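Peer 1:
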């Protein structure tokens, strides 16, 4: 069964995956970039290729989402799957999905972080946040994850779409700000949610937790990125590589936004931001 790790891009999904992959897929809880590979991404072109889907046909890809997910569940084990997709109609079903951990971040900070990552102006980044947007869809992309379209929709639609799983008690909302400020407490909350989903008791591995907290800190991974190549960093047409771990969680990047752009985001996302305590 799949537990989705869902988020709008640049909302903390990498940090969430770092914590979970270190806990479940290492012996000692010591994080390294390679362990992130234990958590796959969806949609991904390789899955559709395996089942013979025409990757140039977007409709055919969408119609085979659930069939592609069944490849994960053939392993008959717990599967954490990263996605930046909205929970669209036909995206998944309850047979394939155990639940979702949805990580959300102040959209004003998302706009700045996304601007750096995608090499766009801040104005373009804000526009993408507030309007229907897709990622990927370039069949010839060097990065395999970009060869299939991911339907983001808008930031608000994305955030609200996954709430449908609340009705089945399969939904856990995590704020990036809480995860970075109270990492141990929130991680334990996440672990409890996971084991309740799979109806399995567990004993918290405190030794692992200690190592995880040490090796997933921002300072640690920032130094690690300087020593080793981080495969998820963005590389643009001019071959310029963007530092992935550029801004620390304590940096309040929303202050970089102009008054006009801040008011634009806060005006259009007022209800959601108020609900989340960002306003």
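In the numbering used here, the protein residues as written are 6 to 284. Just so you know, even glycine gets a beta-carbon here, dropped at the ideal spot from N, CA and C. All values derive from a computational prediction rather than experimental measurement.
1. Applying the criterion that 16 or more other CB atoms from any shown protein chain within 10 Å of the CB defines a buried residue, is residue 137 buried or exposed?
2. Within 10 Å of its beta-carbon, does residue 85 have 16 or more other beta-carbons around it, so buried, or fewer, so exposed?
3. Taking buried to mean at least 16 other C-beta atoms within 10 Å of its own C-beta, is residue 30 buried or exposed?
4. Use the C-beta contact count for residue 241: other C-beta atoms within 10 angstroms, 16 or more gives buried, fewer gives exposed.
5. If you draw a straight line from the alpha carbon of residue 122 to that of residue 14, how long is it in whole angstroms?
6. If residue 221 sits next to residue 27, beta carbons under 8 angstroms apart, how far is it from one beta carbon to the other, in whole angstroms?
7. If you drop the 5 nearest sequence neighbours on each side, which residues of the same chain put their C-beta closer than 6 angstroms to that of residue 198?
8. Candidates 260, 168 and 154: which alpha carbon is nearest residue 310's?
9. Report the CB separation of residue 262 from residue 113 in whole angstroms; it is logged as a contact under 8 angstroms.
10. Counting pairs of Cβ atoms below 8 angstroms between the region 96–110 and the region 198–214, do you hit three or more?
11. I need the DSSP call for residue 132, collapsed to helix, strand or coil.
12. Going by beta carbon distance, what residues of the same chain come within less than 8 angstroms of residue 125, once the five residues before and after it are set aside?
13. Could you name the residues that DSSP lists as bridge partners for residue 139?
14. Is the region 67–81 touching the region 40–54, taking contact as three or more C-beta pairs under 8 angstroms?
15. Over the uninterrupted beta strand (DSSP E) stretch that includes residue 103, give me the two end residues.
16. Tell me residue 84's beta-bridge partners as DSSP assigns them.
17. For residue 47 and residue 156, what's the separation of their Cα atoms in angstroms?
18. Take residue 130 as the anchor and find which of 142, 140, 116 and 141 has the nearest alpha-carbon.
19. Work out the CA separation of residue 194 and residue 76 for me, nearest whole Å.
20. Can you give the Cα-Cα distance for residue 146 and residue 59, rounded to whole angstroms?
21. Tell me which residue opens and which closes the alpha helix (DSSP H) that residue 214 is part of.
22. For a test of the three-state rule: what should DSSP assign to residue 270, helix, strand or coil?
23. Could you tell me the distance, in whole angstroms, from the CA atom of residue 218 to the CA atom of residue 12?
24. Should residue 18 and residue 87 be called a contact, given that it needs their Cβ atoms to be closer than 7 angstroms?
25. Note the first and the last residue of the continuous beta strand (DSSP E) segment covering residue 169.
Peer 2: A quick look at the data gives this:
1. exposed
2. buried
3. exposed
4. Note that residue 241 scores a pLDDT of 46, beneath 50, so its modelled location is shaky; the value from the coordinates is reported in the next line. Exposed, by the Cβ-count rule.
5. 10 angstroms
6. 7 angstroms
7. 177
8. Residue 310 is absent from the structure shown; the chain starts at 6 and stops at 284.
9. 6 angstroms
10. yes
11. helix
12. 119 and 133
13. 156
14. yes
15. 102–109
16. 7
17. 11 angstroms
18. 116
19. 29 angstroms
20. 16 angstroms
21. 211–220
22. helix
23. 22 angstroms
24. yes
25. Counting along the chain, residue 169 falls outside any beta strand (DSSP E), and DSSP gives it neither H nor E.
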